[in-house]
Every structure is written in structure tokens, then in C-alpha cells.
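Chains as they are written, first to last, in full-length UniProt numbering: chain A, 1 to 400; chain B, 1 to 400.
All residues carry an ideal CB built from backbone N, CA and C; glycine is no exception.
These numbers were taken from a predicted model, which means no experiment stands behind them.
Number of protein chains: 2
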Amino acid sequence: MPEIDTDAFLRDLHDLRAIGRFRTGVHRPTYSAQDMEARRWLMDRLAACGLAPAIDGVGTVLGRHGGPGPHLLVGSHIESQNEAGWLDGALGVVAGVALARAGLPVDVCAFADEEGHFDVGFLGSRSAIGDVAEAEIDASRNRTDGTPLRDALAAAGLEGLPRLRLAPERYRGFLEMHIEQGTQLEGAGLRLGIVTGIVAIWQWRIVIEGQQDHAGGTTMAERRDAGLAAVRLLAAIDEAFPRVCGERSTWTTGRIALDPGAPSIIPGRAEVMFQFRDVAVPVLERMEATLRALIRESNRRERCTARLVAVSRATPALCDPALMGALTEAAEALCPGGWQAMPSGAGHDAQNVARIMPAAMLFVPSVGGISHHWAEDTREEDLALGVRVLGAAAERLLAG
Amino acid sequence: MPEIDTDAFLRDLHDLRAIGRFRTGVHRPTYSAQDMEARRWLMDRLAACGLAPAIDGVGTVLGRHGGPGPHLLVGSHIESQNEAGWLDGALGVVAGVALARAGLPVDVCAFADEEGHFDVGFLGSRSAIGDVAEAEIDASRNRTDGTPLRDALAAAGLEGLPRLRLAPERYRGFLEMHIEQGTQLEGAGLRLGIVTGIVAIWQWRIVIEGQQDHAGGTTMAERRDAGLAAVRLLAAIDEAFPRVCGERSTWTTGRIALDPGAPSIIPGRAEVMFQFRDVAVPVLERMEATLRALIRESNRRERCTARLVAVSRATPALCDPALMGALTEAAEALCPGGWQAMPSGAGHDAQNVARIMPAAMLFVPSVGGISHHWAEDTREEDLALGVRVLGAAAERLLAG
Numbered sequence: 001m002p003e004i005d006t007d008a009f010l011r012d013l014h015d016l017r018a019i020g021r022f023r024t025g026v027h028r029p030t031y032s033a034q035d036m037e038a039r040r041w042l043m044d045r046l047a048a049c050g051l052a053p054a055i056d057g058v059g060t061v062l063g064r065h066g067g068p069g070p071h072l073l074v075g076s077h078i079e080s081q082n083e084a085g086w087l088d089g090a091l092g093v094v095a096g097v098a099l100a101r102a103g104l105p106v107d108v109c110a111f112a113d114e115e116g117h118f119d120v121g122f123l124g125s126r127s128a129i130g131d132v133a134e135a136e137i138d139a140s141r142n143r144t145d146g147t148p149l150r151d152a153l154a155a156a157g158l159e160g161l162p163r164l165r166l167a168p169e170r171y172r173g174f175l176e177m178h179i180e181q182g183t184q185l186e187g188a189g190l191r192l193g194i195v196t197g198i199v200a201i202w203q204w205r206i207v208i209e210g211q212q213d214h215a216g217g218t219t220m221a222e223r224r225d226a227g228l229a230a231v232r233l234l235a236a237i238d239e240a241f242p243r244v245c246g247e248r249s250t251w252t253t254g255r256i257a258l259d260p261g262a263p264s265i266i267p268g269r270a271e272v273m274f275q276f277r278d279v280a281v282p283v284l285e286r287m288e289a290t291l292r293a294l295i296r297e298s299n300r301r302e303r304c305t306a307r308l309v310a311v312s313r314a315t316p317a318l319c320d321p322a323l324m325g326a327l328t329e330a331a332e333a334l335c336p337g338g339w340q341a342m343p344s345g346a347g348h349d350a351q352n353v354a355r356i357m358p359a360a361m362l363f364v365p366s367v368g369g370i371s372h373h374w375a376e377d378t379r380e381e382d383l384a385l386g387v388r389v390l391g392a393a394a395e396r397l398l399a400g
Numbered sequence: 001m002p003e004i005d006t007d008a009f010l011r012d013l014h015d016l017r018a019i020g021r022f023r024t025g026v027h028r029p030t031y032s033a034q035d036m037e038a039r040r041w042l043m044d045r046l047a048a049c050g051l052a053p054a055i056d057g058v059g060t061v062l063g064r065h066g067g068p069g070p071h072l073l074v075g076s077h078i079e080s081q082n083e084a085g086w087l088d089g090a091l092g093v094v095a096g097v098a099l100a101r102a103g104l105p106v107d108v109c110a111f112a113d114e115e116g117h118f119d120v121g122f123l124g125s126r127s128a129i130g131d132v133a134e135a136e137i138d139a140s141r142n143r144t145d146g147t148p149l150r151d152a153l154a155a156a157g158l159e160g161l162p163r164l165r166l167a168p169e170r171y172r173g174f175l176e177m178h179i180e181q182g183t184q185l186e187g188a189g190l191r192l193g194i195v196t197g198i199v200a201i202w203q204w205r206i207v208i209e210g211q212q213d214h215a216g217g218t219t220m221a222e223r224r225d226a227g228l229a230a231v232r233l234l235a236a237i238d239e240a241f242p243r244v245c246g247e248r249s250t251w252t253t254g255r256i257a258l259d260p261g262a263p264s265i266i267p268g269r270a271e272v273m274f275q276f277r278d279v280a281v282p283v284l285e286r287m288e289a290t291l292r293a294l295i296r297e298s299n300r301r302e303r304c305t306a307r308l309v310a311v312s313r314a315t316p317a318l319c320d321p322a323l324m325g326a327l328t329e330a331a332e333a334l335c336p337g338g339w340q341a342m343p344s345g346a347g348h349d350a351q352n353v354a355r356i357m358p359a360a361m362l363f364v365p366s367v368g369g370i371s372h373h374w375a376e377d378t379r380e381e382d383l384a385l386g387v388r389v390l391g392a393a394a395e396r397l398l399a400g
């Protein structure tokens, strides 16, 4: 078994936590000063572990092992959601550093913008598998402030750098360690999750057009209230989706924007961010069909017009059985009976890398299931156990 | 009958429309550069009509007639909602100028911030009847950007000026001409509305606390989704309110803010701006009781906690019978059969002035009922008819 220095691993995690610190979490949106500082910090660490670090034209960092193969690719992402947790993404990258420090022949990567601050979605990992055209980069903007991606890349000093393209023949596979972002492990009293597959997220924008009017002068019968039409549609989704969803499906309304959004004005326009997730395409398709039927029904019933805009429709990814097997053996060896197989409800870079090479993921518990929030946390003994299992699994795969 | 110069009146309206022009409407938020320019423009006009203009410590402009009484007070407000119409408020003020120009012994007023850019609510007219304490001004902020009212007053050069206090014994009453902001007149083919009373607006903030979480890692059963709880509550209001409301009641959700408002994060907090309106206090009280019962029911059923914050609870105002009578006689004389009596669904400064002197309002039609939007408009012949009826009614009241 490789000697993983778990003290150095935890020290790395805390060092990275200091970059862009926000309360007990971090604020490192993609290409912000804090994010670029974290990428430079990572390149220094990779070099210190004997890897050759480089940053590419979208900000993805790859540390390359100089020795002979076989190799594994290990990593995740390093930017964070706004004012979010210290482990999401960072954990998988720093775990890669720990494996490299132990002398394992791994390349370590931090894919850019897994968190989707820009509207490409999974920019780094999709670019690295050859799935992002230049035109998509030209058209992309920051979802929060509208900054063009090209401008953000230039401001971060990345303009003109070549984009990384992963060579699948170099690797036996890709391993991504991550926090669970849920309470399944904690609730079951388990310390490790072997991921079986990654759900696909189908993301939608629902746009409802009504008529902006004064809230006093316009009778209820006369109104074309886009906000009320949105509320009724979302209530109908809430009723209908439990009848068509899968066992582990989720659906989420993340934002409801009423225009103009003032107390005495009937909203003339409503825009809803809606998404659903599942590992099975037939379930996803059933949910889409239900959503479309509810929108048709809304347009029959309401004096407002609703339309559905598809923002993204990813493909679910299944994890590689051999990689899962190695993770399972390592988990059982180091923590007998303390693990379970489970799907990932969140999207991860691994789902993209899985399209060109075998990929698998290892989960550690999230305290209270909290994630995408600065209070996100995992117990240090679980972090240390996770990286030791990851190292043991990597050793098996490289020896096999 | 007084000679109202309707050409000069329409010219004034168009001159004022040019200040802060936005498309075919105006953008003159309270104490903005455009708003202060409009107030200076008004003072020049008042002086040109022989009145003595002054601006007070909250920006209310009063032009005082120098001759002997009896007097009437005529006016409205001059700032606008954001990117809104050219007539809302401006019409009643410019109508006052027209009456003064015709030699009628009127004082003309433009009350500050009827539109409620600051959270005092009806700052100018409430201050002028002695209803606003200094502490309320100290605590008030701009609803959009949070600027303290004191800072805005200082920036507008109003700091330290005394506040106007209306002397009710000086006036036979207050007349406010206004656009209808609805389609009752247009729909009935009528050109004038004699307002019988002004609805009260009861404005609420509904705050729902849940748990912010990752939209993938948290199962539907585990979630405490504040946004979904808000949707269910608003759908319940939509079902229940028609059973308890009055014939002309309205209720409106103007804004739904989900925090943090990102596509892949379960909202941990929702904040809803909700209001209802009626002319009858028992109806308002019935709607409040229903709202409170629905919130209790939500708190029994949901895993989130909803609470109700009262933002403002105004008192409905009835118009003065003698003033209404004079407006009715003038309307019937100048446009036989072309008017109706009707309540005002919107709040107006007249509801505050009515607490210290007789008050009444005259409505002219809104094209398509559009209001609080830059497309707001009224036909010029209806504007001209309205100001002639106002002048004729004023003459009757001053002679009586």
C-alpha cells in the first residue's frame, strides 16, 4: 500500500481554504483573483511533488507525471460556487496531489469552471475531451454579471494559451474523490460511497409573458399576471412530478424573477430557473414530457404565455466496473462494512471524462449534508480515510 | 366658468415629459437629478402663474396663492416609478398649474415620493399632515438601493429645510386629478370618473426560512426548500382569496426572491412581497385573517418556517360628498352622461390629505389601462376635458 501522508494532505486542504476565505468556507468564482491565486498555488504544489504543471487556455491545470506508465488521472475542480464550501472540488484535486506526493504515477488535474459560473457548463472537462468549439466560448457569458467569457479569460491572463486535450491512451482511468453533498452516508452511519453513476441534469428556463400593470387599477379578472401564472405552473409541477419521477429523481426551482419586481406592479414577465436530475434517460424523458404537458395546459388555462427554453441536457454517466471494483476492495480493506455503492445526485467532471476513458468516483460524508454553502464540512478522519482508500485503489489499478 | 388654457396645459405636460424621458414615458425616481430638475421646473411655472413657490425639507413643492380666500389645494406628485409613464402624478400637478393660470385662488402642490421609492410611504403628503416623525425619516432607506433617506435628502440639497405643514383652515378642500390606471372607464366608453373612495393597501413581506443545499445531493424527502414552500403558500392564497375578498378587492405578489437564486442550489430562504387592497376595513381584515391562517397551515405542513411581516396597513379614505358633488355637476355639464362614480384601486396622496380636510379625485381614462409602465397614455382630448371639469368644479366650490 502506498504511503499517503495524510497530515500533508490536510495541511494542503487548509492552505487552499485560506485562499478566498469566506466565513468557514471560500469564495472563489471562476477566474476571480482568488480563483487564479488558487490555480497558481496548485501549480506550485504539483511542481513540489515532482509533476510538470501547466495551465491551459480555459484555466484547467494539469500536473504531468514524468515517468513511465501506466498512469492514472486524478482530480476535480478548484473554483467554488459563490460564498460556498471549502471542500467541493478542492478535495479531489488535493487528493490527487497527495497521491503524487506518495510517488504514485498519476497526473493531477483541476478542470476549470465545473461550477458553471459561465454558461458553457463544465467548461474545463468538456474542453479537455474535445467537446467545446471556439464558437461556444465566443458566445459564453458569466451567468451572474454577463461578462463575456473571452473578456474574463483575457483578464485572467489566459488569452491565447492552447487548450488541453486529454490523451485517453495515456491513462488506465480517471478517479475523482468528492464530498457526498447529501446525507445518505451520514444517515446510514457509513464513511465511504462508491459511486455507481452520475445523474444527468436537464436544466430549463421557463419564460412567462403577461402584461405589466398597476396593482390597484387593474381588476383581478382583467389581469395577465405572469408571476401568478408561474406560481400556478410550479404548483402543478409539484403535484405531477412525484407520479412520473424515478426513485432518486430530484427537481429544483432555483430562481423566480418577476419583472419589474416592485410591490405595486403586476409582473409583466416571469423567468424561472428549473432543473431535474436522474441517472436514467427514460425517467428524464418522462419528466420532460410531463413538464411540456403542464406548460401546454398552462397556456390553455392562463391569459399569459409560457414557453420552455432548454438550457442544457446532459447525458447520465455510468462508472467503470473495474475502477469501482478497485475502490470497493480498498474501502473494504481499510474500513470493513463502512461503505456503500450509491449514485451521485450532483453532476461532476467525471461524467465528461467518462466519455473518453474509464472513470469512477469516491464519496466521503458531508456533515449534515450541507453543500454549496460556506458551512459545508467533512470530518478530518473521513477526509484522511478517503484519501488512503483512493491511494490504495490507485495502486491496485496501476499494478493490475 | 373659468377660462382654462388647455393648450398651455398640454404644453406644460409635454415640457415636463421631456425631463427624464424614457421611451414615451419618464424615469424620475425621487430625488434623482431628473426629479429635482422637474421640481425646479414646477417652481418656475408656479411663479409664472403668480404663485409663491417653495420646496420643503422632504422635497414637497407648494405654490401659494397671495390673494384672499377662500382657497382650494390642487395637486398630486411629480416623481415617477422607474421607467414609467408621463402622466401618473404629473397630470394632477400640471392641472393645478392650469387652474392657477386661469386666476382661480388655488394653492398647487407636488407631494414628495408618493411612489414610495423610500420606505416611509407617501412621505410628502403624510409629512404635510403631521404624520411623519423625524425618527421615521432617520430610519428610512431607498427600497431599491438601500440609500438612507437622510443621505438622499442631503444630496438633493434639501437638508435642513423646514417641512411643510398644511393649514386645513386655509382650504375648502383638496382636489387631485389623476389617470385611472385601469380599464373601467375605457371599457364602459366613459371619459371621466368621480372617485368615491380610495382603497387601502395592506402590504406584507412573507419570509420563509428553509435549508440551503445542493440540488443534486439532497433527496426530495430530505429537503427544506424555502422556494417550494413559497410556491405552495402562494398557490393556496390564489385558491382561498376569491372566497373571502370583496367585489373590487385585488391582491398582488410583486416579487419572489429566492436565496441564493442559483440553478443548482435549493433555496434556503424565500422573500415574497405581497399586498392586498380594498375600500372596506372588514374586507381587509378578512383577507388578513385568511393570510394568517394559510401561513399557520403552511407551518404545520412544511419543513420550512414562514412568518408574516406587516410593511404598511393604510386606512381607506372616503371622498368628501360636497367636493364629489361639485365634480359631478361639472362633469355632467361639460360631458353629459360621459362619467361614472367609482372607487380608486390605487393609493393616492388624497387619502392622506383627506384626514385633515375634505378631499376628492377626478379620473380620466388610461389607454388600454396601462400604468406604471412607460407606455402609459391618455388621449389629449380626455386630458383637456378633465382639466376643464376640474376648473369648473373648483369655481363652484370657491363660489359656494
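*Tell me the start and end of each unbroken beta strand (DSSP E) in the stretch 102-141 of chain B that is at least 3 residues and wholly inside, in chain order.*
106-111
*asked:* With a threshold of 8 Å between beta-carbons, can Glu180(B) be considered close to chain A, or not?
replied: For the purposes of this step, residue 180(B) is taken as the residue at position 180 of the second sequence. Yes, Glu180(B) lies at the interface with chain A (some Cβ there is under 8 Å from its Cβ).
*Is there at least one Cβ from chain A nearer than 8 Å to Val353(B)'s Cβ?*
One-based indexing of the second sequence puts residue 353(B) at position 353. Judged by the 8 Å Cβ criterion, Val353(B) is not in contact with chain A.
*asked:* Measuring alpha carbon to alpha carbon, tell me which residue in Cys304(B), Ser125(B), Ile4(B) and Pro336(B) is nearest Leu166(B).
replied: For the purposes of this step, residue 166(B) is taken as residue 166 along the second sequence, with counting starting at 1. Nearest C-alpha to Leu166(B): Ser125(B).
_Closer than 9 Å between beta carbons: that is the criterion. Which residues of the stretch 270-303 of chain A meet it against chain B?_
Ala270, Met273, Phe274, Gln275 and Arg277
_Please tell me whether Ala230(B) and Ala270(B) are closer than 8 Å, where the distance is taken between their beta carbons._
In the second sequence, the residue the question calls residue 230(B) occupies position 230. In the second sequence, the residue the question calls residue 270(B) occupies position 270. Yes, these two residues count as a Cβ contact at 8 Å.
*asked:* In the DSSP output, which residue or residues are listed as bridge partners for His77(A)?
replied: Locating residue 77(A) in the first sequence gives position 77, counting from the first residue. For His77(A), which the question treats as bridged, DSSP gives the partners Phe111(A).
*Could you give the DSSP three-state label for Asp12(B): helix, strand or coil?*
Here residue 12(B) corresponds to residue number 12 of the second sequence, with the count starting at 1. DSSP places Asp12(B) in helix when its eight states are reduced to three.
*Quick one: using the 10 Å Cβ neighbour count with 16 as the cut-off for buried, is Ala393(A) buried or exposed?*
In the first sequence, the residue the question calls residue 393(A) occupies position 393. Buried.
*Any beta-carbon of chain D closer than 8 Å to the one on Glu222(B)?*
Considering every chain present, this structure includes no chain D. Its protein chains are A and B.
*Name, going along the chain, the residues of the stretch 362-374 of chain B whose beta-carbon falls closer than 8 Å to a beta-carbon of chain A.*
Ser366, Gly369, Ile370, Ser371, His372 and His373
_CB contact check: His27(B) to chain A, cutoff 8 Å_ = On the second sequence, residue 27(B) is found 27 positions in, with the first residue counted as 1. It does not; no Cβ of chain A falls within 8 Å.
*Is Asp12(B) buried or exposed, if buried means 16 or more other CB atoms sit within 10 Å of its CB?*
Looking up residue 12(B) in the second sequence gives position 12. Label assigned to Asp12(B): buried.
*Give the secondary structure of Glu176(A) by DSSP, where H, G and I count as helix, E and B as strand, and everything else as coil.*
Within the first sequence, residue 176(A) is the residue found at index 176, counting from 1. Reduced to three states, the DSSP call for Glu176(A) is strand.
*Can you find a C-beta in chain A that's less than 8 Å from the C-beta of Leu234(B)?*
If you number the second sequence from 1, residue 234(B) lands on position 234. By this cut-off, Leu234(B) is an interface position.
_Am I right that Ser76(A) and Leu91(A) are in contact with their C-beta atoms under 8 Å? What's the rounded C-beta distance?_
As a position in the first sequence, residue 76(A) is number 76, starting the count at 1. As a position in the first sequence, residue 91(A) is number 91, starting the count at 1. Indeed they touch by this definition, with Cβ atoms about 7 Å apart.
*asked:* To be precise: take each residue of the stretch 114-145 of chain B, compare its Cβ to all Cβ atoms of chain A, and keep it if any distance is under 7 Å. Which residues remain?
replied: none
*For Gly268(A) versus Gln184(A), is the C-beta distance shorter than 8 Å?*
By 1-based counting over the first sequence, the position of residue 268(A) is 268. By 1-based counting over the first sequence, the position of residue 184(A) is 184. No, the Cβ-Cβ distance between Gly268(A) and Gln184(A) is not below 8 Å.
*Using a Cβ-Cβ distance under 8 Å, would Asp213(A) count as near chain B?*
In the first sequence, the residue the question calls residue 213(A) occupies position 213. By this cut-off, Asp213(A) is an interface position.
_Using DSSP's beta-bridge definition, name the partner residues of Met220(A)._
In the first sequence, the residue the question calls residue 220(A) occupies position 220. According to DSSP, Met220(A) bridges with nothing at all.
*Taking residue 442(A) as the reference, which of Thr219(A), Ile206(A), Ala221(A) and Asp259(A) has the closest Cα?*
In this structure chain A extends from 1 to 400, so residue 442(A) is not present and cannot be described.
*Short check: CB of Phe111(B) to CB of Thr30(B), under 8 Å?*
The count along the second sequence starts at 1 and reaches residue 111(B) at position 111. The count along the second sequence starts at 1 and reaches residue 30(B) at position 30. In this structure, Thr30(B) does not lie closer than 8 Å to Phe111(B) by Cβ.
*Check the DSSP bridge columns for Thr253(B) and list the partner residues they point to.*
Taking the second sequence and counting its residues from 1, the one referred to as residue 253(B) is at position 253. Phe274(B).
*asked:* Is the separation between the beta-carbon of residue 403(A) and that of Leu228(B) shorter than 8 Å?
replied: No answer is possible for residue 403(A): the residues shown for chain A start at 1 and end at 400.
*Contact between the stretch 169-186 of chain A and the stretch 273-287 of chain A: three or more CB pairs below 8 Å?*
no
*Would you verify that the beta carbon of residue 402(A) is, or is not, closer than 8 Å to some beta carbon of chain B?*
Outside the displayed range of chain A (1 to 400) lies residue 402(A), so it cannot be described from this structure.
*asked:* Under 8 Å, Cβ to Cβ, is there at least one residue of chain A near Ala346(B)?
replied: Counting from 1 along the second sequence, the entry for residue 346(B) is found at position 346. Taking Cβ atoms only, chain A reaches closer than 8 Å to Ala346(B), which makes this a yes.
*Residues in its own chain within less than 7 Å of Leu397(A) by CB, not counting five upstream and five downstream?*
Reading the first sequence from its first residue, position 397 is the one you call residue 397(A). Only Leu72, Arg172, Gly173, Leu323 and Ala326 meet the Cβ criterion.
*Would you check if the distance between the CB atom of Gly89(B) and the CB atom of His372(B) is smaller than 8 Å?*
Taking the first residue of the second sequence as 1, we reach residue 89(B) at position 89. Taking the first residue of the second sequence as 1, we reach residue 372(B) at position 372. It is not a contact, given that the beta carbons lie outside the stated cut-off.
*asked:* Counting C-beta neighbours from all protein chains within 10 Å, is the total for Glu380(A) 16 or more, i.e. buried, or is it exposed?
replied: The sequence position of residue 380(A) within the first sequence is 380, counting from 1. Per the 10 Å Cβ criterion, exposed.
*Using a cut-off of 7 Å between C-beta atoms, extract the partners of Thr147(A) located in chain B.*
As a first step, residue 147(A) must be located in the first sequence, where it is residue number 147. The premise fails here: Thr147(A) is roughly 17 Å from chain B at the closest Cβ pair, so nothing lies under 7 Å.
_Within a Cβ cutoff of 7 Å, which residues of the same chain sit near Leu16(A), ignoring the five residues on either side of it in sequence?_
Position 16 of the first sequence, counting from 1, holds the residue named residue 16(A). Taken in chain order, the residues that qualify are Ala38, Trp41, Ala90 and Val94.
_Among Ile55(B), Ile356(B), Ala293(B) and Phe9(B), whose alpha-carbon lies nearest the alpha-carbon of Cys319(B)?_
Sequence index remark: in the second sequence, residue 319(B) carries index 319 (1-based). Of the listed residues, the one whose Cα sits closest to Cys319(B) is Ile356(B).
*Taking Pro53(B) as part of the beta strand (DSSP E), name the residues at either end of that continuous run.*
Here the question's residue 53(B) lines up with position 53 in the second sequence. Per DSSP, Pro53(B) belongs to the beta strand (DSSP E) from Ala52 to Ile55.
_Arg255(B) vs Gly261(A) beta-carbon contact at 8 Å_ = Counting from 1 along the second sequence, the entry for residue 255(B) is found at position 255. Counting from 1 along the first sequence, the entry for residue 261(A) is found at position 261. Yes, Cβ-Cβ distance for Arg255(B) and Gly261(A) is below 8 Å.
_I need the boundaries of the alpha helix (DSSP H) containing Glu209(B), first residue and last residue._
Here the question's residue 209(B) lines up with position 209 in the second sequence. From DSSP, Glu209(B) is part of no alpha helix (DSSP H) but of the beta strand (DSSP E) over Ala200 to Glu209.
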